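What follows is a single structure, written as structure tokens, with notes after it.
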Amino acid sequence: MIDILIVDDSAAIRKILQRVIRQADIPIGNVIEAGDGKEALEAMKTQTIGLILSDINMPNMDGIEMLGHLKANDAWKNVPVVMVSTEGSQAKVLEAVQLGAAGYVRKPFNADQIKEKLAAFF
Amino acid sequence: MTDTPQTEIISQADLVATMTTATLEVFSTMLGMEVTAGEILTEHTVSATNTSGVVSIVGIAGVWSGTGGVACSGTLACKLSGHFLMAEYESVNDDVLDAVGEITNMIIGNVKTALEDRLGPMGLSTPTVIFGRNFQTRSARSHEWTVIPFDCGTERIFVQMCIGPNSNASRTVRPGFQLPEVLNF
Numbered sequence: 003m004i005d006i007l008i009v010d011d012s013a014a015i016r017k018i019l020q021r022v023i024r025q026a027d028i029p030i031g032n033v034i035e036a037g038d039g040k041e042a043l044e045a046m047k048t049q050t051i052g053l054i055l056s057d058i059n060m061p062n063m064d065g066i067e068m069l070g071h072l073k074a075n076d077a078w079k080n081v082p083v084v085m086v087s088t089e090g091s092q093a094k095v096l097e098a099v100q101l102g103a104a105g106y107v108r109k110p111f112n113a114d115q116i117k118e119k120l121a122a123f124f
Numbered sequence: 010m011t012d013t014p015q016t017e018i019i020s021q022a023d024l025v026a027t028m029t030t031a032t033l034e035v036f037s038t039m040l041g042m043e044v045t046a047g048e049i050l051t052e053h054t055v056s057a058t059n060t061s062g063v064v065s066i067v068g069i070a071g072v073w074s075g076t077g078g079v080a081c082s083g084t085l086a087c088k089l090s091g092h093f094l095m096a097e098y099e100s101v102n103d104d105v106l107d108a109v110g111e112i113t114n115m116i117i118g119n120v121k122t123a124l125e126d127r128l129g130p131m132g133l134s135t136p137t138v139i140f141g142r143n144f145q146t147r148s149a150r151s152h153e154w155t156v157i158p159f160d161c162g163t164e165r166i167f168v169q170m171c172i173g174p175n176s177n178a179s180r181t182v183r184p185g186f187q188l189p190e191v192l193n194f
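Same order as they appear, the protein sequences are chains A and B.
Add 2 to the 1-based position in the first sequence for the working numbering, that's all there is to it.
Add 9 to the 1-based position in the second sequence for the working numbering, that's all there is to it.
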């Protein structure tokens, strides 16, 4: 059982991802939410997160900057981060991959795309 | 990596096609709804018919810049949010405003991504969503608005963009991002 962290400034998207994760046939513990990269890094300090689904464009700290902080931290660098974003430019996707993103799902997504991506980590 | 000449221009027909594709995809994938594109309108036509309800706006910045957004009645906003979040909404609340903002973000974000192949990199602001009566939105830019009405049952949602070459591309507050358009009520 692993805990999953959802990082998105849209409460609507967090709610949808929560529902999809709960429907997926995978052993999940807690699902924790953060509204931006800063909140996510704070959550990482107090929770044992096994997988992160993160938006890219967010206020305060975007997903790319958050990814950089995660990969620079020995305790967090091996936690897989899947980017789930409207941001589909090659440059941004490449930047995320080069920083160590474990996957990318473009919005709009359907539930099967998310479940398939999640299943790869179990 | 995109390496497009900055002088490339897109026609309104291209923009309409891109906006239509993005809108249909968001509605079918995230909302499980079918909408039908209507005849293209001009900005003042929308203002006259849509002075109450929900308006959601995102700023676009880069070599090309502008504004994109959606507008619809409060009733339709509740219906769309219900499909999006699998819940029922009888009035516009925070959930509805957030859902409309995210729908806007996905539609305009996908238009932006499609246009970047030809126009070069652009940034997208987070959405601003307004709900009220008797208000007008207005862009200080001189570029023309492209407004597409989509029929959704008995209601209409308007997807609109105003975008053009950015003569002040260097005046960004950070790479790829510029403050959104002025909003006048």
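Glycine is no exception: its CB is placed at the ideal position from the N, C-alpha and C atoms.
These numbers come from a predicted model, not from an experiment.
If we ignore side chains and look at the alpha-carbon of each, how far apart do Met63 of chain A and Met85 of chain A end up? To locate residue 63 of chain A, count along the first sequence from 1; it is residue 61. To locate residue 85 of chain A, count along the first sequence from 1; it is residue 83. Cα to Cα, Met63 of chain A sits roughly 14 Å from Met85 of chain A.
Does Ala121 of chain A get closer than 8 Å to chain B when you measure Cβ to Cβ? Here the question's residue 121 of chain A lines up with position 119 in the first sequence. So no, Ala121 of chain A is outside the interface.
Across the region 118 to 137 of chain B and the region 65 to 75 of chain B, are there enough close Cβ pairs to call them in contact, namely three or more that are closer than 8 Å? yes
Near Pro136 of chain B, which residues of its chain fall below 7 Å by C-beta distance, leaving aside the five closest residues on each side in sequence? Position 127 of the second sequence, counted from the start, is the residue given in the question as residue 136 of chain B. Excluding residues within five positions, the ones whose Cβ falls inside 7 Å are Ser65, Ile66, Val67, Gly110, Thr113 and Asn114.
Mind pulling the chain A residues with CB within less than 7 Å of Gly91 of chain B? As a first step, residue 91 of chain B is located in the second sequence; it is residue number 82 there, counting from the start. In chain order: nothing, as chain A lies at least about 11 Å away.
Below 7 Å on C-beta distance, what does Pro61 of chain A contact in chain B? On the first sequence, residue 61 of chain A is found 59 positions in, with the first residue counted as 1. Here the neighbours are Thr135.
Given 8 Å as the limit, is there contact between the region 88 to 97 of chain B and the region 10 to 30 of chain A, that is, 3 or more CB pairs closer than that? yes
Compare the beta carbon distance of Gly65 of chain A and Val9 of chain A with 8 Å and say whether it is the shorter of the two. Mapped onto the first sequence, residue 65 of chain A falls at position 63. Mapped onto the first sequence, residue 9 of chain A falls at position 7. A contact, by the Cβ cut-off of 8 Å.
Can you tell me the Cα-Cα spacing of Thr122 of chain B and Glu99 of chain B, whole angstroms? Working through the second sequence from its first residue, we reach residue 122 of chain B at position 113. Working through the second sequence from its first residue, we reach residue 99 of chain B at position 90. In a straight line, the C-alpha of Thr122 of chain B is about 34 Å away from that of Glu99 of chain B.
Can you tell me the Cβ-Cβ gap for Val35 of chain B and Ile116 of chain B, rounded? I've got them flagged as a contact below 8 Å. On the second sequence, position 26 is the one that residue 35 of chain B refers to. On the second sequence, position 107 is the one that residue 116 of chain B refers to. Yes, they are in contact, since the Cβ atoms of Val35 of chain B and Ile116 of chain B sit about 5 Å apart, within 8 Å.
Does DSSP put Ala46 of chain B in a helix, a strand or coil? Numbered from its first residue, the second sequence carries residue 46 of chain B at position 37. Here Ala46 of chain B sits in strand by DSSP.
Output yes if chain B places a C-beta closer than 8 Å to the C-beta of Glu89 of chain A; else output no. Your numbering for residue 89 of chain A matches position 87 in the first sequence. By this cut-off, Glu89 of chain A is an interface position.
Neighbour flag for Val35 of chain B against chain A, beta carbons, 8 Å: Walking along the second sequence from the start, residue 35 of chain B turns up at place 26. For Val35 of chain B, the answer is yes, since a Cβ of chain A falls inside 8 Å of its Cβ.
Quick one: what's got a C-beta closer than 7 Å to Leu43 of chain A's C-beta in the same chain, skipping five residues either side? Along the first sequence, read from residue 1 onward, the residue named residue 43 of chain A stands at position 41. Here the set comprises Met68 and His71.
Determine the DSSP secondary structure at Val83 of chain A, reduced to helix, strand or coil. Mapped onto the first sequence, residue 83 of chain A falls at position 81. The answer is strand: DSSP assigns Val83 of chain A an E or B state.
Tell me which residues of the region 101 to 117 of chain B have at least one Cβ-Cβ distance to chain A shorter than 8 Å, keeping chain order. Asp103, Asp104, Asp107, Ala108, Gly110, Glu111, Asn114 and Met115
So the candidates are A:Glu97, A:Gln20 and A:Leu7; which of them puts its Cα closest to the Cα of Met46 of chain A? Residue numbering aside, residue 46 of chain A sits at position 44 when the first sequence is read from its first letter. For the residues A:Glu97, A:Gln20 and A:Leu7, the minimum Cα distance to Met46 of chain A belongs to A:Leu7.
Based on DSSP bridge pairs, tell me the residues matched to Trp154 of chain B. Along the second sequence, read from residue 1 onward, the residue named residue 154 of chain B stands at position 145. According to DSSP, Trp154 of chain B bridges with nothing at all.
Work out the CA separation of Pro82 of chain A and Lys119 of chain A for me, nearest whole Å. Residue numbering aside, residue 119 of chain A sits at position 117 when the first sequence is read from its first letter. Residue numbering aside, residue 82 of chain A sits at position 80 when the first sequence is read from its first letter. Each residue's alpha carbon lies about 11 Å from the other.
How big is the Cα-Cα spacing for Ile51 of chain A and Phe140 of chain B? By 1-based counting over the first sequence, the position of residue 51 of chain A is 49. By 1-based counting over the second sequence, the position of residue 140 of chain B is 131. If I take the Cα positions, the gap works out to 37 Å.
Contact list for the region 67 to 99 of chain B against chain A, Cβ threshold 9 Å: Ser90, Phe93, Leu94, Met95 and Ala96
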